[in-house]
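Asks:
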Amino acid sequence: MTYQIIDGKKVAQEVRAELKQLGEEMKATHGVTPGIAVILVGDRPDSATYVRMKKKAAAEVGFISREKVLPDTCSEEEVLAAVSRFNADPEVHGILVQLPLPSHISEQKVLGRIMIEKDVDGFDPANIGALALKGVQPKAISCTPYGVIELLKRYKIEIAGKNAVVVGRSNIVGMPVALLLIHENVASCHVTVCHSKTRDLPGVVKRADIVIAAIGRANFVKADWVKEGAVVIDVGINSVEDATKKSGYRLVGDVDYDNVKEHCSYITPVPGGVGPMTIAMLLKNTSPSVWAMKAPSHIMSLELSCLDELWRRGGPRREPIDDLQQEILGYFKARDTKPTEKGRTYTRVPHIPLHVFVRGGETMGVFSSPGCLVVRPLQGGPTPCLALEACHTGGAYAYDSAEDHLVVLHTKNSRVSVYDMKTGVFFQALRRGRSCG
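Shown next, in the form of structure tokens:
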């Protein structure tokens, strides 16, 4: 059967030419040049090569290009800080973190730090989730799946209603491209996602009008798996040994290209197929980001709930502490308290995560749990909050640094009060607790 090669290099050049013209129009009309920033961690040769290719492509279309290179020994905090700096840079409209990252750095956490308006890789969960919702458009589409769809459209390949099989289920290619093929505004295909463990995988692929191979295994899809006239898109890129090459290896895809091509109507080669499109679509994703950040702000009415700040500004509200329980100190209650010394007790306030240690009428300290000292009190002096009544001035109070908002007061007549500075609630004891020896 006569087949046609889908030339990814040619289509990518067309896309870059369109983006160059768009960038010139942006600069002339709005005085802004699209900018993209790349973060590279470590010195992996393949990652460094991808970064160089992206910088070169950005320069070709007239985009600003920024780069931050960190050693593979850097901390996660350093990578997050680099992302935050690019988030705040008004000249950067798209941020790309080159994957994979070292094992001690969470890819999910780093990618999650990128502002969704600058997520030109399309990896933000909100962007992926938007693909799964009918009638919702993501702010950015994952670059490689986006490139796959662009190739199909540029070659005017009919895809609506076709049976598409995606071999591979990765977060980077397999799942996003499957969602794109299902999406009514993109392709409206009937999609099957399968993988190396799928039963009768050759039979499933054989029924496909469109095959998307993205499993990461060299020459995985065989000729007898593909039906006559199918469209085959090979996303994989793998190196295999080849003594005839100076490098000692050559690049192949996930499809057994030489044997499969005879059964296809269209097929992408490796290299030169989907690969060039990934970078082109990365730059294409950057352009809408410019408009998103330049869009005028607008005012909308919001229904406010009762926030903590409103409680604080409204003054303290009184609520009684129905019961106080006092227990005699023991060895396991507080390590720094002598169990033989008389007169030391601790008071537990129900529903409040504090324990107040008392000796006579003096507050000794505040504990978040028995045996764990939070802070020792200030004796006398001004009250911690002007909203508290002046009658507490003569007593002692302590601030709970662990909870970061509770103030406990113990007056000389052994009355315990708790003021919650976060919610404005003022708990006050009505009666003394009982001893629980």
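Residue numbers (my numbering): 1 to 437.
Just so you know, even glycine gets a beta-carbon here, dropped at the ideal spot from N, CA and C.
#1: Along the beta strand (DSSP E) that carries VAL69, what are the first and last residues, could you check?
#2: Ordered along the chain, which non-local residues of its own chain (more than five positions away) have a Cβ less than 6 Å from that of VAL191?
#3: Could you please give me the residues that DSSP links to ARG250 through a beta bridge?
#4: Leaving out five residues on either side along the sequence, give the residues of the same chain with a beta carbon under 6 Å from the beta carbon of ILE141.
#5: Which value, in whole angstroms, describes the spacing of the CA atoms of PRO71 and ILE157?
#6: Grab me the residues of SER502's own chain with a C-beta within less than 7 Å of its C-beta, minus the 5 sequence neighbours each way, in chain order.
#7: Would you give the residue range spanned by the alpha helix (DSSP H) that THR49 belongs to?
#8: Take MET53 as the anchor and find which of GLN98, ALA160, SER247, SER103 has the nearest alpha-carbon.
#9: For PRO202, count neighbouring Cβ atoms within 10 angstroms of its own Cβ and tell me buried if that reaches 16, exposed if not.
#10: If you draw a straight line from the alpha carbon of PRO370 to that of GLU78, how long is it in whole angstroms?
#11: What did DSSP end up calling TYR257 once you bin it into helix, strand or coil?
#12: Give me the Cα-Cα distance between VAL211 and VAL255, rounded to the nearest whole angstrom.
#13: Just tell me which of ASP209, VAL231, VAL205 has its CA closest to the CA of PHE220.
#14: Would you mind giving the Cβ-Cβ distance between VAL235 and VAL193, rounded to the nearest angstrom? I have them listed as a contact below 8 Å.
#15: Taking the beta carbon of VAL240 as the centre, do at least 16 other beta carbons fall within 10 Å, making it buried, or is it exposed?
#16: Could you tell me the boundaries of the alpha helix (DSSP H) in which LEU96 lies?
#17: Distance check for GLY23 and PRO288, CA to CA, integer angstroms please.
#18: Label ASN127 either buried or exposed according to how many other C-beta atoms from any shown protein chain fall within 10 Å of its C-beta, with 16 as the threshold for buried.
#19: Which residue from VAL41, VAL110, ASP46, PRO138 puts its Cα closest to that of PRO102?
#20: Please go through the same chain and pick out, in chain order, the residues whose beta-carbon is closer than 6 Å to the beta-carbon of ALA12, but skip the five residues on each side of it.
#21: For GLU91, count neighbouring Cβ atoms within 10 angstroms of its own Cβ and tell me buried if that reaches 16, exposed if not.
#22: Does the pairing of the region 103 to 112 with the region 132 to 146 give three or more beta-carbon distances under 8 Å?
#23: What does the alpha-carbon distance come out to for the pair ILE237 and VAL32?
#24: Strictly by DSSP, which residues pair up with HIS190?
#25: Distance, Cα to Cα, VAL69 vs ILE39?
#26: Excluding the five sequence neighbours on either side, which residues of its own chain have a C-beta within less than 6 Å of the C-beta of LYS9, listed in chain order?
#27: Apply the 10 Å Cβ neighbour rule to ASP209 and answer buried if 16 or more other Cβ atoms are within range, or exposed otherwise.
#28: Run through DSSP, which three-state label would ALA126 get?
#29: Give me, in chain order, the residues of the same chain whose beta-carbon lies closer than 8 Å to that of MET1; leave out the 5 immediate sequence neighbours on both sides.
#30: With respect to the alpha helix (DSSP H) encompassing LEU80, which residues constitute its N-terminal and C-terminal limits?
#31: PRO125: buried (16+ other C-beta within 10 angstroms of its C-beta) or exposed?
#32: Quick one, which of SER188, ASP43, VAL120 has its alpha-carbon nearest CYS74's?
#33: Quick check on the burial criterion: 16 or more other C-beta atoms within 10 angstroms. Buried or exposed for LYS118?
#34: What is the rounded straight-line gap between the Cα of SER438 and the Cα of VAL231?
#35: For ILE172, would you say it is in contact with chain B, using Cβ-to-Cβ distances shorter than 8 Å as the test?
#36: Along the chain, where does the beta strand (DSSP E) that runs through VAL178 open and close?
Replies: Per the coordinate set shown:
#1: Working through the sequence shown from its first residue, we reach residue 69 at position 69. Here the beta strand (DSSP E) through VAL69 covers 64 to 70.
#2: The residue you call residue 191 lines up with position 191 of the sequence shown. A distance below 6 Å between beta-carbons, with the five flanking residues on each side excluded, links VAL191 to the following residues of its chain, in chain order: ALA164, ALA178, LEU181, ILE182.
#3: Residue mapping note: residue 250 aligns to position 250 of the sequence shown, counting from 1. Beta bridge pairing from DSSP links ARG250 with VAL240.
#4: The sequence position of residue 141 within the sequence shown is 141, counting from 1. Excluding positions up to five away in sequence, the list reads GLY122.
#5: Walking along the sequence shown from the start, residue 71 turns up at place 71. Walking along the sequence shown from the start, residue 157 turns up at place 157. Whole-angstrom Cα-Cα distance: 44 Å.
#6: The shown model of the chain, from 1 to 437, leaves out residue 502, and the question about it has no answer.
#7: Locating residue 49 in the sequence shown gives position 49, counting from the first residue. 45 to 60 is the span of the alpha helix (DSSP H), which, as asked, contains THR49.
#8: If you number the sequence shown from 1, residue 53 lands on position 53. Among GLN98, ALA160, SER247, SER103, the Cα nearest to that of MET53 is on GLN98.
#9: Counting from one through the sequence shown, the residue named residue 202 turns up at place 202. Exposed, since its Cβ has fewer than 16 Cβ neighbours within 10 Å.
#10: Taking the sequence shown and counting its residues from 1, one reaches residue 370 at position 370. Taking the sequence shown and counting its residues from 1, one reaches residue 78 at position 78. Because PRO370 sits at a pLDDT of 46, beneath the cut-off of 50, its placement in the model cannot be relied upon, and the following sentence gives the value as read from the coordinates. So the alpha carbons of these two residues sit roughly 38 Å apart.
#11: Translated into the one-based positions of the sequence shown, residue 257 becomes position 257. It is helical.
#12: Taking the sequence shown and counting its residues from 1, the one referred to as residue 211 is at position 211. Taking the sequence shown and counting its residues from 1, the one referred to as residue 255 is at position 255. VAL211 and VAL255: Cα-Cα distance of roughly 10 Å.
#13: The residue given as residue 220 occupies position 220 in the sequence shown. If we check each option's Cα against that of PHE220, VAL205 comes out closest.
#14: Here residue 235 refers to the residue found at position 235 of the sequence shown. Here residue 193 refers to the residue found at position 193 of the sequence shown. Going by Cβ atoms, the distance from VAL235 to VAL193 rounds to 14 Å, so no, they are not a contact pair.
#15: Indexing the sequence shown from 1 puts residue 240 at position 240. It counts as exposed.
#16: On the sequence shown, residue 96 is found 96 positions in, with the first residue counted as 1. Where LEU96 is concerned, there is no enclosing alpha helix (DSSP H), although the beta strand (DSSP E) around it starts and stops at 94 to 97.
#17: The residue given as residue 288 occupies position 288 in the sequence shown. The residue given as residue 23 occupies position 23 in the sequence shown. The straight-line gap from Cα to Cα measures roughly 11 Å.
#18: Locating residue 127 in the sequence shown gives position 127, where the first residue counts as 1. Counting C-beta atoms within 10 angstroms of its own C-beta, ASN127 has 16 or more neighbours from the protein chains shown and is therefore classed as buried.
#19: Here residue 102 is taken as the residue at index 102 of the sequence shown, counted from 1. Of VAL41, VAL110, ASP46, PRO138, the residue nearest in Cα terms is VAL41.
#20: Position 12 of the sequence shown holds residue 12. Within the same chain, ALA12 has close Cβ partners PRO276, MET277, ALA280.
#21: What you label residue 91 is simply residue 91 of the sequence shown in a count that begins at 1. Under this definition GLU91 is an exposed residue.
#22: no
#23: Numbered from its first residue, the sequence shown carries residue 237 at position 237. Numbered from its first residue, the sequence shown carries residue 32 at position 32. Whole-angstrom Cα-Cα distance: 36 Å.
#24: Residue 190 sits at position 190 when you count from the first residue of the sequence shown. Paired residues: ASN163.
#25: Here residue 69 refers to the residue found at position 69 of the sequence shown. Here residue 39 refers to the residue found at position 39 of the sequence shown. Going by the C-alpha atoms only, they are around 6 Å apart.
#26: By one-based count along the sequence shown, residue 9 stands at place 9. Within the same chain, LYS9 has close Cβ partners GLY272, PRO276.
#27: As a working mapping, residue 209 is identified with position 209 in the sequence shown. Per the 10 Å Cβ criterion, buried.
#28: Numbered from its first residue, the sequence shown carries residue 126 at position 126. Helix, per DSSP.
#29: Sequence index remark: in the sequence shown, residue 1 carries index 1 (1-based). Once the five neighbours on either side are set aside, the close Cβ partners of MET1 are GLU228, GLY229, GLU262, HIS263, CYS264, SER265.
#30: Numbered from 1 along the sequence shown, position 80 holds the residue referred to as residue 80. Run containing LEU80: 76 to 88, per the alpha helix (DSSP H) assignment.
#31: For the purposes of this step, residue 125 is taken as the residue at position 125 of the sequence shown. Counting Cβ neighbours within 10 Å, PRO125 comes out exposed, since fewer than 16 surround it.
#32: Walking along the sequence shown from the start, residue 74 turns up at place 74. That would be ASP43, whose Cα lies nearest to the Cα of CYS74.
#33: Mapped onto the sequence shown, residue 118 falls at position 118. Result: buried.
#34: The requested residue 438 is not part of the displayed model; the chain covers only 1 to 437.
#35: The question asks about chain B, but that chain is absent: this structure has only one protein chain.
#36: In the sequence shown, the residue the question calls residue 178 occupies position 178. It is worth fixing the name first, because residue 178 is Ala in this sequence and not Val. Residue range 174 to 182 is occupied by the alpha helix (DSSP H) that includes ALA178, with no beta strand (DSSP E) assigned at that position.
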